[in-house]
Amino acid sequence: MLDPQLLRQQLDDVAKQLSRRGFQLETKILSELEIQRKTLQADTQNLQSERNSRAKAIGKAKAQGEDIAPLLAEVGTLGDRLKKMEQQLADVQTSLENIQLTIPNIPHVSVPAGKDENDNVEIRKWGEPRQFDFAIKDHVALGEKLALLDFATAAKISGARFTVLNAGLARLQRGLTQFMLDTHSGEHGYTEVYVPYLVNADSLRGTGQLPKFEEDLFAEKTQGLYLIPTAEVPVTNILRDTIVSDDQLPIKYTAHTPCFRSEAGAYGKDTRGMIRQHQFEKVEMVQFIRASESYAALEILTSHAETILQKLNLPYRVMNLCTGDIGFTAAKTYDLEVWLPAQNTYREISSCSNFEAFQTRRMLARWRNPETGKPELLHTVNGSGLAVGRTLVAIMENYQQADGSIRIPEVLAPYMGGIEVLKK
RNA sequence: GGAGAGGUGGCAGAGUGGUCGAAUGCGGCGGUCUUGAAAACCGUUGAGGGUUAAACCUCCCAGGGUUCGAAUCCCUGCCUCUCCGCCA
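Residues 21 to 444 (the numbering used here) are what the first sequence spells out, left to right.
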């Protein structure tokens, strides 16, 4: 959510900045509602004030044993009028809020202008794609040949966009997850947390998935909960409705969770293999930070995700997403794209964003500034570190050998119980 | 699943229809005293809106209701705790 003050005072400027990302702000409706709100609120408060003073007078008179009947008569229909006006005000405020909840974040000045992913700007590249002297296979062919990847069985159990991992590959996924968590908690200073995978609507509203993106979620019917699309939701909501002290900052969490996405808008996209699944594993990093430090934190957090790719020796590039491609809640996003030889291209494996106060305003996540003594909104920065399923794909394809076997990256050796190669 | 208790400020905990946004204690902050510290004492200390500043308004889990007036009464929901049963 954007700052309501900003929407009141600099509506046209906000509209202009939002147009950079192709969003058209309904300035007319907003300013009309805002005028209504203002007058209604002032009138309502005046009536409330009158009610309060009259009620107090009655109380006082009664305490002194005076006859309160004439005072009661004076009050007349004030209560009813007030009730009506309060209702009107609430309606206007609800309308305003409903609009505000669907307005995306303002892109940071350093976000390049552009329409779609083709306009994203490459910031840097790391590693050399390996030259193969044999005909390479994609992860599906590799995995099925080794009997490690089983889409048919997953389809029988659940349907499309699921997979069953077998034996060494299942272990590799577990090892990868462990490796990522160990690196972030051990070397990057994050606190590991374990969180619920089912969350309520308030949490999803807090991080911005609701109300706009309900169709992307899996809903659980009996309790009205939702399966998390990312650990960002439960982890960020740890600080919802909380004021932390200055000496607790920055707060840095890492968590591993499965993620569940309906992929409603992705029919026919990435149908082969485990690139786009309804269920996948991800390790997430989340930072809560003072406003003045959030852009520096974004750079550092991005480097934490890069560290994982570097340790795994997987070539990648860093993209600065353009105004047309950044997510609804983000002010700036770097995507990390890993080299997939079978697709002969780079594919997204991590997304690192600064949300500024967009989420914390919805969540009321604040810190107390010791200089003013007042609570201020925190900024949130988060990123995948990394998407485990896609990392698995990248390892399979990049570490494949001529005989169809797959080497295990050296850093994962401690997690593999002596397995050095996945083979028949 | 059955039975009961309860949700109040950073924490603990009073308040059960009217000068209550809320006693008191602890904690925090400022000060006095002290060479310094502790102790003691004095003062101060919730959030949001609004205003140049004030006035003023809202918030005692959430949402409804009763009333001139609700933290306090009624209804619904959520959450927590205790006991019994079941159970990874």
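Positions of the beta carbon are idealized from the N, C-alpha and C atoms, including for glycine.
Keep in mind that this is a model prediction, so the values were computed, not measured.
Between the region 347-356 and the region 374-391 there are three or more inter-stretch CB-CB distances shorter than 8 Å, so the stretches are counted as touching. CA-CA distance, Gln363 to Val441, rounds to 23 Å. Here the region 334-343 lies against the region 140-157, with 3 or more beta-carbon pairs under 8 Å apart.
In summary, Leu26 is exposed, with fewer than 16 beta-carbon neighbours lying within 10 Å of its beta-carbon over all protein chains present. Of the candidates Thr400, Lys444, Gly437, Thr327, the residue whose Cα lies closest to the Cα of Pro270 is Thr400.
Note on the region 52-100: whole alpha helix (DSSP H) runs with a minimum of 4 residues are 89-95, in chain order. For His204, no beta strand (DSSP E) run applies; the uninterrupted alpha helix (DSSP H) run containing it begins and ends at 187-206, by DSSP. For the options Arg260, Gly134, Gly42, Lys48, the alpha carbon positioned closest to that of Ile119 is the one of Lys48. DSSP places Ser373 in the strand class (E or B) of the three-state scheme. In the three-state DSSP reduction, Val213 falls in the coil class, being neither helix nor strand. When secondary structure is reduced to three states using DSSP, Arg144 falls in the strand class.
Residues of the same chain with a CB within less than 6 Å of the CB of Gly85, apart from the 5 flanking positions on each side, do not exist.
Here the region 310-319 makes no contact with the region 215-228; the two share fewer than three CB pairs at distances below 8 Å. The Cβ atoms of Gly293 and His159 sit closer than 9 Å to each other. Straight through space, the alpha carbons of Gly409 and Leu201 are spaced by roughly 15 Å. In the assembly as shown, Phe308 is a buried residue. Its beta-carbon has 16 or more other beta-carbons within 10 Å. Between the region 207-219 and the region 251-269, the count of C-beta pairs closer than 8 Å reaches three or more; the two stretches touch.
Cβ atoms of Ala325 and Gly209 stay farther apart than 8 Å, at about 14 Å. Between Leu332 and Leu189, the gap from beta carbon to beta carbon reaches 9 Å or more. With contact defined as three or more Cβ pairs closer than 8 Å, the region 228-240 and the region 167-175 are not in contact.
Inclusion of Phe378 and Met21 in the CB contact set at 9 Å is warranted, their separation being smaller than that value. Distance from the CA of Arg71 to the CA of Leu98, rounded to the nearest whole angstrom, comes to 7 Å. Met339 has Glu142, Asp355 as its beta-bridge partners, per DSSP. Assignment of beta-bridge partners to Gln307 by DSSP yields Lys272, Val401. For Ser425, the CB contacts under 7 Å within the same chain, skipping 5 residues up- and downstream, are Val441, Leu442, Lys443 in chain order. Within the region 232-286, the complete alpha helix (DSSP H) segments at least 4 residues long are 252-256, listed from N- to C-terminus. Residue burial is scored here from C-beta neighbours: Lys165 has fewer than 16 other C-beta atoms within 10 angstroms and is therefore classed as exposed.
Taking C-beta atoms under 8 Å as the contact rule, Asp261 and Leu384 qualify, at a distance of about 5 Å. The beta carbons of Leu121 and Pro249 sit about 17 Å from each other, so the pair does not count as a contact at 8 Å. Under the DSSP assignment, Ala385 falls in the beta strand (DSSP E) whose first and last residues are 385-389.
Between the alpha carbons of Asn125 and Leu38 lies a distance of about 8 Å.
Between Leu45 and Val112, the gap from beta carbon to beta carbon reaches 9 Å or more.
Judged by their CB atoms, Phe199 and Ile369 are not nearer to each other than the 9 Å cut-off. The criterion of a C-beta distance shorter than 9 Å is satisfied by Pro390 and Asp266. Separation of Gln421 and Gln30 (C-alpha to C-alpha, rounded to the nearest whole angstrom) is 59 Å.
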